[in-house]
Amino acid sequence: MAVSRIGDILFTWQPLTLPGWPRHSELVMLLEWWSGTECTVYTDPRSSLHYGKENAIVVLNHKFEIDFLCGWSLAERLGILGNSKVLAKKELAYVPIIGWMWYFVEMIFCTRKWEQDRQTVAKSLLHLRDYPENYLFLIHCEGTRFTEKKHQISMQVAQAKGLPSLKHHLLPRTKGFAITVKCLRDVVPAVYDCTLNFRNNENPTLLGVLNGKKYHADCYVRRIPMEDIPEDEDKCSAWLHKLYQEKDAFQEEYYRTGVFPETPWVPPRRPWALLNWLFWASLLLYPLFQFLISMVSSGSSVTLASLVLIFCMASMGVRWMIGVTEIDKGSAYGNTDSKQKHTD
């Protein structure tokens, strides 16, 4: 109860949510400045005038290990990274640093079991209606990251439901999207349909980013006015299925031609993520090195053993965070037998 109350206070008093931006921006710094990864946005120039200046629900395909990081990079370039929200699986709340921080800045977590999530997600979304600044709310409608096994099972479900097959996406789970639109319709003017891919058929990884490998992402963004989305839940579900059929066609065209429709646009990179990293590095690294040297110089076996233990725990924490993004270590969600009951 006390922890929930702390979250309420952080949500209401916006300055206290600012620590979320430095932590997110440090990962953005690795992507943009350390690895030099670029992201080209394909969009209608008229739509780009709204980006970063309004609330929006972001629907993003979930196929790559760093798709979330590319989303953060674009949010940072639009000046709205600190206000980015996400509907995420509950397991992420336990990831060191990032997951803990997400809990206290009111990210919305779900178990991906609709009977359990219906009330908690709706309550959190209604709370989000009062958020004092413009925000982006990200939802991966596929529910889990794309793999060939999950895709095969998902398409069996699509066939059983009489829905068209998708080649590059999983069948979207519509209930989460429908409740999000229902709760936020009055305060969110648009949905941003984002379709992400990488040039040269690259399969980027967070470990590759940490090793300084450069990637080039392309993202097709469509701004869809909220009034174009049906209010009726069944019609909204049908609308979302049609949206994913269109996304699939865009991906197919990208694999064939190497480009998305609309005009390419590269939002300018801002220096703040780099400056934030340099500030904290300057503030913390020198005292840390001094502390480590003093511990090593002490010659105490207990001190040295403690130092090794701390180093191992820190390494395990970083490895855990990387493992969360790895496709082959992803959740088993979506791997269940298609003969089992499948709900949106």
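Numbered by this note's numbering, the letters in the sequence shown go through residues 1 to 344 in order.
Heads up, the beta-carbon is just placed ideally off N, CA and C, and yes, glycines get one too.
Residues in its own chain within less than 6 Å of F68 by CB, not counting five upstream and five downstream?
The answer is none, since no qualifying residue turns up.
Give the C-beta separation of V259 and C141 to the nearest angstrom, bearing in mind that I take them to be a contact with Cβ-Cβ under 8 Å.
So it is not a contact: roughly 24 Å between Cβ atoms.
Assuming contact is defined by CB atoms lying nearer than 7 Å, are E133 and N83 in contact in what I supplied?
Contact: yes.
Taking the straight line between their C-alpha atoms, what separation do you get for E262 and Y51?
Taking the straight line joining both Cα atoms gives about 16 Å.
Looking at the secondary structure, which residues open and close the alpha helix (DSSP H) in which S298 lies?
S298 -> alpha helix (DSSP H) spans W272 to S298.
Which of the three DSSP states is assigned to R145 in this structure?
Looking at R145 - three-state DSSP - the assignment turns out to be coil, as it is neither helix nor strand.
From the DSSP output, which residues share a beta bridge with N197?
Answer is D218, bridged to N197.
For the segment 28-92, which segments carrying the alpha helix (DSSP H) assignment without a break, of at least 4 residues, lie completely within its bounds, in sequence order?
As far as the segment 28-92 is concerned, its whole alpha helix (DSSP H) runs of at least 4 residues are 45-48 and 67-77.
Grouping DSSP H, G and I as helix and E and B as strand, with all else coil, what is F109?
Correct three-state label for F109: strand.
Under a Cβ-count criterion, where at least 16 other Cβ atoms within 10 Å of its own Cβ denotes burial, should E231 be classed as buried or exposed?
Exposed: under 16 other Cβ atoms inside 10 Å.
Whole angstroms are fine: how far does the CA of S306 sit from the CA of C194?
One C-alpha to the other measures close to 47 Å.
Kindly indicate which residue of Y255, F311, D234 and L126 has the alpha-carbon position closest to the one of V188.
Closest option to V188, Cα to Cα, is L126.
Which residue comes first and which comes last in the beta strand (DSSP E) that contains F137?
Where F137 is concerned, the enclosing beta strand (DSSP E) stretches over L136 to I139.
If we count the other Cβ atoms within 10 Å of its Cβ and call it buried at 16 or more, is E76 buried or exposed?
Flag for E76 reads buried.
Whose C-alpha, out of I80, F279, L243 and A217, is nearest the C-alpha of I229?
Taking only the C-alpha atoms, the option nearest I229 is L243.
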